[in-house]
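Student: Numbering (the UniProt record's numbering), first residue to last: 1 to 202.
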């Protein structure tokens, strides 16, 4: 008696695909299935919100840096104005020494070359003009204000102005958020002003 080939038997024992199975194999070719298929939907949805999301993150980080920088600049102006108040500031003509002392207090991410100092005396508090303490820029974004260093004498009214040019990444703006100061190139001009009256001589 001839033995049946087991391989052949297994091959022929597999039943042919029925109508239901053939239908399931061809489901992806149905026209309506394409529109119900959700493969890649997450990536597509993220693409729609990517720019607003990155813009929000950029605005949050940049706003935090701006507030921290302004707070640091105000703290330094208070510190340096006390030297003028008590008569301990370098004498007139030693602007570089006064600036070096201010730069020593800058946070590590702030650059001394981006700090500008203007110290001038006025005859009365009513002579302090807020418009004159605002930074003015040339066509190339450079600061054109006339910077002086005159800490005055005991009893004088002194205006101390610190200007810091904070570099702004993505200075063209992102998602409508653009903190760059108009005319300042790729920088945000930050100002801290203190008006004091130096202590009279004893």
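For glycine and all other residues, C-beta sits at the position ideal for the given N, C-alpha and C.
Which class does residue 58 belong to by DSSP, given the choice of helix, strand or coil?
Tutor: Residue 58 falls in the helix class under three-state DSSP.
Student: If we call anything under 8 Å between Cβ atoms a contact, is residue 229 one with residue 141?
Tutor: Absent from the structure is residue 229, since the part of the chain shown begins at 1 and ends at 202.
Student: Is there contact between the region 157-172 and the region 180-195, where contact requires at least three CB pairs shorter than 8 Å?
Tutor: A contact exists between the region 157-172 and the region 180-195.
Student: Over the uninterrupted beta strand (DSSP E) stretch that includes residue 99, give me the two end residues.
Tutor: Segment 95-103 is the alpha helix (DSSP H) holding residue 99; no beta strand (DSSP E) there.
Student: Touching or not, the region 83-95 and the region 143-151, by the rule of three or more beta carbon pairs under 8 Å?
Tutor: At 8 Å Cβ cutoff, the stretches touch.
Student: In the DSSP assignment, the beta strand (DSSP E) including residue 133 goes from what residue to what residue?
Tutor: That residue, residue 133, is in no beta strand (DSSP E); it is neither H nor E in DSSP.
Student: If I measure Cβ to Cβ from residue 66 and keep anything under 8 Å in the same chain, skipping five residues before and after, which residues do I get?
Tutor: Once the five neighbours on either side are set aside, the close Cβ partners of residue 66 are 166, 179, 188, 190.
Student: Would you check if the distance between the CB atom of residue 98 and the CB atom of residue 117 is smaller than 8 Å?
Tutor: It is a contact, given that the beta carbons lie within the stated cut-off.
Student: Helix, strand or coil: how does DSSP classify residue 107 here?
Tutor: Three-state DSSP puts residue 107 in coil, outside helix and strand.
Student: Report the three-state DSSP secondary structure of residue 189 (helix, strand or coil).
Tutor: Three-state result, residue 189: strand.
Student: Can you give the Cα-Cα distance for residue 147 and residue 119, rounded to whole angstroms?
Tutor: Each residue's Cα considered, the two are about 8 Å apart.
Student: My understanding is that residue 103 touches residue 85, with C-beta atoms under 8 Å, so please give their C-beta distance in whole angstroms.
Tutor: At roughly 20 Å, the Cβ-Cβ gap does not stay under 8 Å, so residue 103 and residue 85 are not in contact.
Student: Is residue 78 closer than 8 Å to residue 121 when the C-beta atoms are compared?
Tutor: No, the Cβ-Cβ distance between residue 121 and residue 78 is not below 8 Å.
Student: What residues in its chain sit with their C-beta under 6 Å from that of residue 107, if we drop five residues either side in the sequence?
Tutor: Hits under 6 Å: 72.
Student: Of the choices 172, 70, 182, whose alpha-carbon is the least far from that of residue 58?
Tutor: Of the candidates 172, 70, 182, the one whose C-alpha sits nearest the C-alpha of residue 58 is 172.
Student: According to DSSP, is residue 142 part of a helix, a strand, or is it coil?
Tutor: Here residue 142 sits in coil by DSSP.
Student: Could you work out which residue in 112, 81, 170, 196 is closest to residue 96 when comparing CA atoms only?
Tutor: Nearest option by C-alpha distance: 112.
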